[in-house]
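Working notes, beginning with the structure itself.
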Amino acid sequence: HDDRSWAVVGNHNPLPHCYLSNDGTSSTTKKNACIIVMGIGGKPKDLLNIDSVQRDDITIIKRFSGGGTVVLDHNSIWTTIIARKQDFTEVEPYPRPIMAWTANEIFGPTFAKLKQQVVLSQPVEKSPNIPDFELLENDYILGGRKVGGNAQSIVKDGWLHHTSFLWDYEARNMEYLSLPAKRPDYRGDRPHNDFLVKLADVYSPEVQLDHFFEALKTVSEENFDLHEMKLDDAVALVNNKFGGMQQWFEGKCRTRIVKLPNKMDG
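When we follow my numbering, the leftmost residue of the sequence shown carries the number 7, and every step to the right adds one.
Shown next as C-alpha cells:
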C-alpha cells in the first residue's frame, strides 16, 4: 500500500465514469446526469423519493464511509483527505476531532481567503456582508445554511475525510431526497433547498470555481510539505499498486452501485 497522506481535490461530470466499464453509470439515455451518494448505513426507502428516482433513472451509489445522502453533479466540488496517523498525531482519530481539525486548519482558512477576495474587490462603502465559514453540529455552514456533505472512514493506521461542496446545483435535483428522520437541530424541518446554500450565490461573480481550488492549494502549501500530482499520475499509481481501478472496484472496493427493485416494499 501507499503510505503517504493525500488530499484529492477536483470537480467533474459524475457520469459516465471514465475509468470503469459495466458499472451501471455509463448509460447515455439517462434523463439527468446527477448521482445520489449514500452513506454505508443508508436505506433508500428512508432517504429517497423512490418514485422520482426511478422515473429519472438516477444512479445511486453507496459509499464505504458513513454520513448522510447527497446529490452531486458537475458543479460539485469533491475533496478527500487521506491521513496517516503518524503524519497527524495532533488529530484524535474520531469523527468530531477530525471535522474540527479540517474546519480550523483547512477549510476555514480557505473560505476566509474567498471572503477576502470578495471584500477587496468592492469599494469600502459597499463592503459585502459575506458570512463566515463555521462548523455547526456536524455540518459546514455559511450563515446558518449547509454548504456540503461530509463523512469519515477510520481504520487502525489512519482516517479519511471527504466533503462534497455545493458550488452550484439544480434545485429540482434535491427533490430526489426525502426529509431524513435524523437531522441536525439547526435544520429543523427546512426542505433541502431552504437548508442548503450554493457557494456561487455567496461568492460570485468575484470568486469563480477555480479560485476555490487555488485558495485550497495555498492553504495546503502553508500547512504541509505539498507535492502536487496530476490525475494521470494518480491513475498510474492505482494501476501499478492495485491492479487498476476496474480490478479494485470489482474486488476490495466497498463502494457499490445500488439497484432499486421495481417496487419498493412499504
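Where is the CB? At the ideal position from N, CA and C, for every residue including glycine.
Looking at the DSSP output, residue 12 shares a beta bridge with 88. Under the three-state reduction of DSSP, residue 121 is assigned to helix. The residues 251, 252 and 255, in chain order, have a CB closer than 7 Å to that of residue 26 in the same chain once the five nearest residues on each side in sequence are set aside.
Residue environment: residue 50 is assigned as buried (16 or more neighbouring CB atoms within 10 Å of its CB, all protein chains considered). Bounds of the alpha helix (DSSP H) holding residue 107 are 101-107. For residue 169, DSSP records a beta bridge to 85 and 156. In the DSSP assignment, residue 164 forms a beta bridge with 90 and 161. In the three-state reduction of the DSSP assignment, residue 64 falls in the coil class. Spanning the alpha carbons of residue 44 and residue 129 requires a straight line of approximately 44 Å. Counting along the chain, the unbroken beta strand (DSSP E) around residue 145 starts and ends at 145-148. Following the DSSP letters along the chain, one finds residue 212 in no alpha helix (DSSP H), marked with neither H nor E. Closest in C-alpha terms to residue 8, from the list 85, 89 and 16, comes 89.
The secondary-structure analysis by DSSP pairs residue 183 across a beta bridge with 54. Around the C-beta of residue 121, 16 or more other C-beta atoms lie within 10 Å, and the residue is accordingly described as buried. Contact annotation: residue 152 and residue 222 have beta-carbon atoms that are not nearer than 7 Å. When rounded, the separation of the alpha-carbon atoms in residue 188 and residue 48 is 11 Å.
Residue pairing for residue 264: DSSP places it in a beta bridge opposite 66.
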